[in-house]
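Read through the structure below, which is laid out as structure tokens, and then see the notes.
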Amino acid sequence: MGRRSKHSTPKVRAPRVPSARGWLGAGAGADTTIQVPASFRGTTVQVCGLHPFAVGDGTSMLGVPLGVHEHTSATVCADPMSWFQGDAIGNPSVFVMGLPALGKTSLVARMCVGLAGYGVLPFVLGDTRPDYVPTIEALGGEVHRLGRNRDYINPLDPGESTVAAQRLRAAGFEREAQEVEADAHGRRLTTVLGLIAIQRKGPTTEAEEAVLDRALHIVDARLDRVPIMSDVLDVVREGPDELRAAVIDRGSWEVYQTKTEGLELSLTLLSTTGFGGLFSRESSKPLQRDKPVVYDISAIPQGESDLLAAALLACWSNGFATVNIAGILADAGLEPRRLYFLVMDELHRILRAGGGMMVDRIDYLTRLNRAEMVGQAMITHTMKDLKALPESERLKAMGFIERSGMVILGGLPGAEMPDLTPVLPLTQEEQAKLASWATPPSQSAKEGVKQDPPGRGKFLIKVGGRPGIPIRVRLTQRELNLTNTNRKWQEVEAQRRAARAQAREAS
Numbered sequence: 145m146g147r148r149s150k151h152s153t154p155k156v157r158a159p160r161v162p163s164a165r166g167w168l169g170a171g172a173g174a175d176t177t178i179q180v181p182a183s184f185r186g187t188t189v190q191v192c193g194l195h196p197f198a199v200g201d202g203t204s205m206l207g208v209p210l211g212v213h214e215h216t217s218a219t220v221c222a223d224p225m226s227w228f229q230g231d232a233i234g235n236p237s238v239f240v241m242g243l244p245a246l247g248k249t250s251l252v253a254r255m256c257v258g259l260a261g262y263g264v265l266p267f268v269l270g271d272t273r274p275d276y277v278p279t280i281e282a283l284g285g286e287v288h289r290l291g292r293n294r295d296y297i298n299p300l301d302p303g304e305s306t307v308a309a310q311r312l313r314a315a316g317f318e319r320e321a322q323e324v325e326a327d328a329h330g331r332r333l334t335t336v337l338g339l340i341a342i343q344r345k346g347p348t349t350e351a352e353e354a355v356l357d358r359a360l361h362i363v364d365a366r367l368d369r370v371p372i373m374s375d376v377l378d379v380v381r382e383g384p385d386e387l388r389a390a391v392i393d394r395g396s397w398e399v400y401q402t403k404t405e406g407l408e409l410s411l412t413l414l415s416t417t418g419f420g421g422l423f424s425r426e427s428s429k430p431l432q433r434d435k436p437v438v439y440d441i442s443a444i445p446q447g448e449s450d451l452l453a454a455a456l457l458a459c460w461s462n463g464f465a466t467v468n469i470a471g472i473l474a475d476a477g478l479e480p481r482r483l484y485f486l487v488m489d490e491l492h493r494i495l496r497a498g499g500g501m502m503v504d505r506i507d508y509l510t511r512l513n514r515a516e517m518v519g520q521a522m523i524t525h526t527m528k529d530l531k532a533l534p535e536s537e538r539l540k541a542m543g544f545i546e547r548s549g550m551v552i553l554g555g556l557p558g559a560e561m562p563d564l565t566p567v568l569p570l571t572q573e574e575q576a577k578l579a580s581w582a583t584p585p586s587q588s589a590k591e592g593v594k595q596d597p598p599g600r601g602k603f604l605i606k607v608g609g610r611p612g613i614p615i616r617v618r619l620t621q622r623e624l625n626l627t628n629t630n631r632k633w634q635e636v637e638a639q640r641r642a643a644r645a646q647a648r649e650a651s
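Here it is in structure tokens:
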């Protein structure tokens, strides 16, 4: 018993199978590490014979080429206007947020260049640093350099509206011509009232608004040139019957003077070289509607927040008037349809400087940009920039993110996530990725060698609650030269290195 019969079937051993690391055992040649197989990208026709080792590439190819997918190295194309026209998003706007020095400006500048190639005109209506001037110049656009002893911007200049109204009348569009003229009058009135409110840090009265409204009509009728602020001041001081009737002075010159004293003082300040230094003369050059444009206001000291707000208000007024005229002429068939891409970098500074007016203007644009045929990019650093605004303005600013067609996020600290996730859903993996990109660069002991931050050029494209697309942006040398925001720091460092080299040679 217990002994196998010699006629029983022998046990069949299973064939040896190598493990994932090869044959196991001494001298069998097993690998200690597994090398990553080489990956290739190609068209469907080229790689179809590699089945089942091919993987589909699902990144968007609609819009401006921004960079490559961080995981697959596939080209990623995106911009708010192309995605909106392709029904990928419901609003032609993008909100860009990330810590400084990670490439936000360079990313939006690439959008500007790509959209310009598609026929869209970039408008930067208030460059406070300036970052976009070299890019707009390279595109053949106009640069308006505003500041004391630089270019001037006349808030009473109707711009291209006068010529546009003449063209519309000549073509038989009387109603449209009247619309252009009425819009120009209303824009000038609103701009001057806004400048007065910023200058005096308080609202204007109903009597002052009525007087200013009629004064603008009077100077337009009297002059055969574009009026300036001093012309309106002269009419207010003169006190013609139309103005006296507007304030209901009941035949008393003293009552008229009392009711217009504050307005006269404000117009005096806007007509002199102090606060009104930018606005007291004729505009240095008109704003063209068929070229890229940037208003460079970097010469205005950042400490003069009132003057900065006034300049922004005037720039935006001119810009929106140009966009409106272009739309009316296109509707009448007198000009081709033009699309505009408005860039608002350093958004937090624009909002703080505007005293509420800029928040309302941007809020209006984010709601009606589809009807206005305008795309926009809003760029800021963190959610804390928006939370620093007063309560009423903060709620509107938070709505900018919610209404943006796409949101592009750079490196952000983990402390930002509780404020960001209520308005933009992010997975735990996406939050961890953004926090890792916010890590500072490692220190280099070698002189003249600087380490880039881990998150430089890395962004996450989010559309609503969809999974984000992580991309890596690599700039060409031409782009690096145009969008280098650390140029002054690098010049100082180069001077120091040159001085140290001279000292070593001398010793």
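Per this note's numbering, the very first residue in the sequence shown carries number 145; after that it's consecutive.
Here a beta-carbon is modelled for each residue, glycine too, at the ideal position from N, C-alpha and C.
Just so it is clear, the structure is predicted and the values come from calculations on it, not from any experiment.
Residue range of the alpha helix (DSSP H) that includes residue i
| i | result |
| --- | --- |
| Q229 | P224 to Q229 |
| E176 | At residue 176 the sequence reads Thr, which differs from the Glu that was named. T176 -> no alpha helix (DSSP H), and no H or E assigned at all. |
| M488 | Run containing M488: none in the alpha helix (DSSP H); it sits in the beta strand (DSSP E), L483 to M488. |
| G463 | S449 to D475 |
| V277 | V277 to A282 |
| R136 | Here the chain comprises residues numbered 145 to 651, so residue 136 is not present and cannot be evaluated. |
| N625 | Q621 to L626 |
| R547 | E535 to R547 |
| I362 | E350 to R366 |
| K403 | W397 to L414 |
| Q310 | S305 to A314 |
| K248 | K248 to G261 |
| Q575 | Q572 to W581 |
| L387 | D385 to V391 |
| E382 | M373 to E382 |
Top-ranked residue by Cα proximity to residue i, from the options
| i | options | result |
| --- | --- | --- |
| E573 | T306, M502, E382 and P611 | P611 |
| G421 | L339, E353 and L360 | L339 |
| N293 | S424, V257, R332 and A638 | S424 |
| N235 | V437, N628 and G608 | G608 |
| G186 | A532, A174, T219 and T176 | T219 |
| K403 | T416, R381 and L413 | R381 |
| L473 | Q310, I233, P274 and G543 | Q310 |
| P224 | A521, A170, E535 and T583 | A521 |
| R511 | V189, G171 and S237 | S237 |
| K284 | T306, G261, L290 and K540 | According to the sequence as given, residue 284 is Gly; it is not Lys. Closest by alpha carbon: G261. |
| D507 | G463, L367, D231 and E537 | E537 |
| I615 | G599, E546 and S427 | G599 |
| T526 | A453, E490, M517 and L539 | E490 |
| L246 | T176, A453, T583 and A315 | T583 |
| L411 | G601, D375, V161 and P274 | D375 |
Delimiting residues of the beta strand (DSSP E) encompassing residue i
| i | result |
| --- | --- |
| V268 | V264 to D271 |
| K602 | K602 to K606 |
| Y296 | Neither: Y296 is in no beta strand (DSSP E) and is coded neither H nor E. |
| E286 | E286 to R289 |
| V438 | V437 to D440 |
Cβ distance (whole Å) where residue i is taken to contact residue j below 8 Å
| i | j | result |
| --- | --- | --- |
| F485 | P266 | 5 Å |
| A390 | R344 | Going by Cβ atoms, the distance from A390 to R344 rounds to 20 Å, so no, they are not a contact pair. |
| V268 | Y276 | 5 Å |
| L356 | L409 | 13 Å between Cβ atoms; not a contact. |
| D596 | N468 | At roughly 43 Å, the Cβ-Cβ gap does not stay under 8 Å, so D596 and N468 are not in contact. |
| L456 | G270 | 5 Å |
| L556 | M241 | 7 Å |
| L243 | C221 | L243 to C221, Cβ: 25 Å. No contact. |
| A172 | R165 | Not really, about 10 Å apart at Cβ, beyond 8 Å. |
| G554 | W581 | 6 Å |
| F239 | I545 | 5 Å |
| L360 | R332 | 6 Å |
| A453 | I552 | Their Cβ separation, rounded to whole angstroms, is 27 Å, which puts A453 and I552 out of contact at 8 Å. |
| L377 | S427 | Going by Cβ atoms, the distance from L377 to S427 rounds to 18 Å, so no, they are not a contact pair. |
| V287 | V438 | 5 Å |
Identity of the residues DSSP links to residue i by a beta bridge
| i | result |
| --- | --- |
| T219 | V212 |
| R616 | V212 and K602 |
| T524 | M241 |
| I552 | V240 and I605 |
| V518 | Y484 |
| G166 | S163 |
| M205 | C221 |
So does the region 427-441 actually touch the region 389-401, counting three or more Cβ pairs closer than 8 Å? no
Count the CB pairs spanning the region 293-304 and the region 369-381 that are closer than 8 Å, and state whether there are at least three. yes
Inspect the CB distances between the region 346-366 and the region 473-489 and report whether three or more fall short of 8 Å. no
Evaluate contact between the region 203-220 and the region 248-261, counting only Cβ atoms and requiring at least three cross-stretch pairs below 8 Å. yes
Counting Cβ pairs, one atom from each stretch, are 3 or more of them under 8 Å apart for the region 612-631 and the region 238-250? yes
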